[in-house]
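Peer 1: Below is the structure I would like to discuss, written out as C-alpha cells.
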Amino acid sequence: MPGFELWSDAERKEVNDVLETGILMRYGFDSPRKGIWKSIELEKAICKTFGAGYAQLTSSGTAALTTAMAALGIGAGDEVIMPAFTFVASFEAVLSVGAVPVLVDVDDSLTLNPEAVRKAITAKTKCVMPVHMCGSMAEMDALLTICKEHNLLLLEDACQSIGATYQGKYLGTIGDAGTFSFDFVKTITCAEGGAVLTNNQDVYVKCDGYTDHGHDHKGVDRGADLHPFLGYNFRISELHAAVGLAQIKRLQEFLAIQKRNHAALKKILERIPGIEFRRLPDPEGDSCTFISWFLPSEEITSKVVEALKQEGILAGNFYWYNNNWHYIRKWDHLKNSASLNRFSEAQEQALFKLKDRDFSATDAIMSRCISTLISLTWTEEQIKDKGEKIVAAAQKAYSSLGAEVSVRV
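If you use the working numbering, the sequence shown corresponds to residues 327 to 735, in order.
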C-alpha cells in the first residue's frame, strides 16, 4: 500500500512549515507556532475527503482502534467478533481495552463471513469488527443488518483500505466508527499515524480526550484543561500530520494509478489455468492495492509459491496462509497467551479455546490465495515483465505436478 513510493516536494513543503516554527507537538504553544496547525488541517481534510462528520488523529492505526473501542464503551469481558484473517493489531487493540476477541471464518471476499458472525453472537457480544483487508470491502449490508437485529456496535477496521468505497460511501464512514492507519506502507502515509472517523459527536469528543491523557481541550491553555475521564498518550505529532496533509491531497492520484496498474496486471494473470479472483461485494469500490487470486488447490498454490521463490520473484506476492502477521494459523503467541501483562480470566479462556477452534473453512480459502501488491511506480514494461514471470512460474509449478496445462495467450 504504497503512498511512500511517490514522495514529492509537496510533503517536504508541509514538513518544512512545521520545522520553521520549531513546534512539533499538536497541542499548545499557540503563539510560536505562528498559525501552523497541521493536525487540525489534516483532520478537516479527512472529514472533507471521506465524508465523515468527525476525525481524530492518533499515533497509529492500532491506537486508533484502541481509542475507538474505548470511546464506544467496549471494555472488560465484552466480545468483539472479528475475522481470522487480519493484521495482529486488530486483536491487540481488542485485548488492550480488556475485551475478548472472537475470531470467525472469512469467505472468498477475504473478509468476515456474515453467517459465521451470526453463529458467533452470544449474550456477551458487544461489537462486530469487519476488517477491510487488502484494499477491499466486507459485506457491509449484511453486517449492518446483523448489528441492527442484535443491537451491536459496528466498528470498521479500514486501515488497509483507505479510499475504497461500498455503494458510494467510503469505508470507515459506514459503521458507528471507523479507523485508518497512516503507517509507512499504507495507501497514504504519515510515516506513523492513524485516525478514528465517526459521525457521532459524543464518540468524537471521547476520542479527542482519550488520545491526550483525558484533556477536555476546553481551557485557554493545556494547564487549564479538565480531565473528565482517563486517557493515554496516543497523540500524533505535527511532523507526521504534515506528511499526511500532503498525501491526502494526492489520494485520488494514487488510486487512479493503482486501478490502472491493477487492471493491466490482472489481464495477464487471467491466463493462468484455473485461476479465480477474490469476490468483491462492490467491484467499483475496490481501491486496487492488491490483486488477490486463488488456485484450484493448496498443493498447486504451494507449488506456485515455491516456483515464485525459486525464480526470485516472490517479493510482493503474499501467501497469507503461512504468514505469521496476518492469519490465525501462525498466531502462536495469541493462542498461547504469550503476553507480558496478565489477561483477565475471560480473555485467557477465550484464547485457550483458539488452540482447538475449527477454521477449516477459512483454511480452504487462505491456503489457495496469493495476494499480489500493486505498485505506483511500475512502468508498462515492468507490469508486463512481472505478469509474464508469474504466469511462467505457475506453468512451471503445474508441470512439476505432472499436470498438462496450456497457458492462454
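Just so you know, even glycine gets a beta-carbon here, dropped at the ideal spot from N, CA and C.
As the structure is a computational prediction, the values presented were derived from the model and not from experiment.
1. In the DSSP output, what is Ser563 paired with across the bridge?
2. For Ile691, collect the residues of the same chain with a Cβ closer than 8 Å to its Cβ; drop the 5 residues on either side in sequence, then sort them by chain order.
3. Identify, in the order they occur along the chain, each residue of the same chain with its Cβ nearer than 6 Å to the Cβ of Ala572, setting aside the five sequence neighbours on each side.
4. Span of the alpha helix (DSSP H) holding Cys773?
5. Go through the stretch 624–661 residue by residue and report every complete run of the beta strand (DSSP E) that reaches 3 residues or more, in order.
6. Apply the 10 Å Cβ neighbour rule to His588 and answer buried if 16 or more other Cβ atoms are within range, or exposed otherwise.
7. With burial defined as no fewer than 16 other Cβ atoms inside 10 Å of the residue's Cβ, what is the status of Ile481: buried or exposed?
8. Could you check if Glu287 is buried or exposed, using at least 16 other CB atoms within 10 Å of its CB as the buried criterion?
9. Considering only the beta carbon of each residue, do Ser663 and Leu677 sit closer than 8 Å?
10. In the DSSP assignment, the alpha helix (DSSP H) including Val529 goes from what residue to what residue?
11. Return yes when the Cβ of Ala390 is within less than 8 Å of the Cβ of Thr513, no when it is not.
12. Using 10 angstroms around the beta-carbon of Phe307, count the other beta-carbons present and answer buried if the total reaches 16, otherwise exposed.
13. Mapping DSSP to helix, strand and coil, what is Ile716?
14. Assign Phe411 to one of two classes, buried (16 or more other C-beta atoms within 10 Å of its C-beta) or exposed (fewer than that).
15. With respect to the alpha helix (DSSP H) encompassing Gly387, which residues constitute its N-terminal and C-terminal limits?
16. Of the residues Leu581, Gly540, Lys544 and Arg576, which one's Cα is nearest the Cα of Arg561?
17. Drop a sphere of 10 angstroms on the beta-carbon of Trp333, count the other beta-carbons inside from all chains shown, and report buried for 16 or more, exposed for fewer.
18. Does the pairing of the stretch 454–464 with the stretch 608–622 give three or more beta-carbon distances under 8 Å?
19. Could you tell me the boundaries of the beta strand (DSSP E) in which Leu523 lies?
20. Which residue wins for smallest C-alpha separation from Leu383, given the options Asp534, Ile447, Phe355 and Thr347?
21. Would you please state the rounded distance, in angstroms, between the beta carbons of Gly519 and His566? I believe it to be under 8 Å.
22. Report the rounded CA-to-CA distance for Glu624 versus Asp502, giving the unit in angstroms.
23. Can you tell me which of the three DSSP states Asp335 falls into?
24. In or out: Arg668 buried (at least 16 other Cβ within 10 Å) or exposed?
25. Kindly indicate which three-state DSSP category Val735 falls into: helix, strand or coil?
26. Quick one: grab the DSSP three-state call for Met408.
27. Give the DSSP-derived three-state secondary structure of Asp356 in the structure shown.
28. Would you call the stretch 649–659 and the stretch 366–382 touching, i.e. three or more CB-CB distances under 8 Å?
29. Grab me the residues of Ser697's own chain with a C-beta within less than 6 Å of its C-beta, minus the 5 sequence neighbours each way, in chain order.
30. Thr451 lies in the beta strand (DSSP E); which residues open and close that run?
31. Evaluate contact between the stretch 388–405 and the stretch 519–529, counting only Cβ atoms and requiring at least three cross-stretch pairs below 8 Å.
32. Quick check: the Cα distance between Ser386 and Asp509, rounded to an integer number of angstroms?
33. Between the C-alpha atoms of Tyr496 and Asp547, what's the straight-line distance to the nearest angstrom?
34. Rounded to whole angstroms, what is the Cα-Cα separation between Ala718 and Lys593?
35. So the beta strand (DSSP E) Pro427 belongs to, where does it begin and stop?
36. Between Leu702 and Gln527, is the Cβ-Cβ spacing less than 8 Å?
Peer 2: Well, looking at it:
1. Met351
2. Val432, Asp433, Asp434, Leu436 and Phe620
3. Ala336, Glu337 and Glu340
4. This structure does not reach residue 773, given that the chain is present from 327 up to 735, and the question cannot be answered.
5. none
6. buried
7. It should be pointed out that residue 481 corresponds to Leu in this sequence rather than to Ile. Buried, since its Cβ has 16 or more Cβ neighbours within 10 Å.
8. The structure shown has nothing for residue 287, since the chain only spans 327 to 735.
9. yes
10. Gln527 to Tyr536
11. no
12. Look at the range of the chain in this structure, 327 to 735, and you will see that residue 307 is not part of it.
13. helix
14. buried
15. Gly387 to Ala397
16. Gly540
17. exposed
18. yes
19. Gly520 to Thr524
20. Asp534
21. 5 Å
22. 38 Å
23. helix
24. exposed
25. Only weak support is given to the placement of Val735: the predicted model assigns it a pLDDT of 48, under 50, and the value that follows is read from those uncertain coordinates. Here Val735 sits in coil by DSSP.
26. strand
27. coil
28. no
29. Cys460, Phe616, Ser618 and Phe644
30. Thr451 to Val454
31. yes
32. 7 Å
33. 35 Å
34. 15 Å
35. Val426 to Val430
36. no
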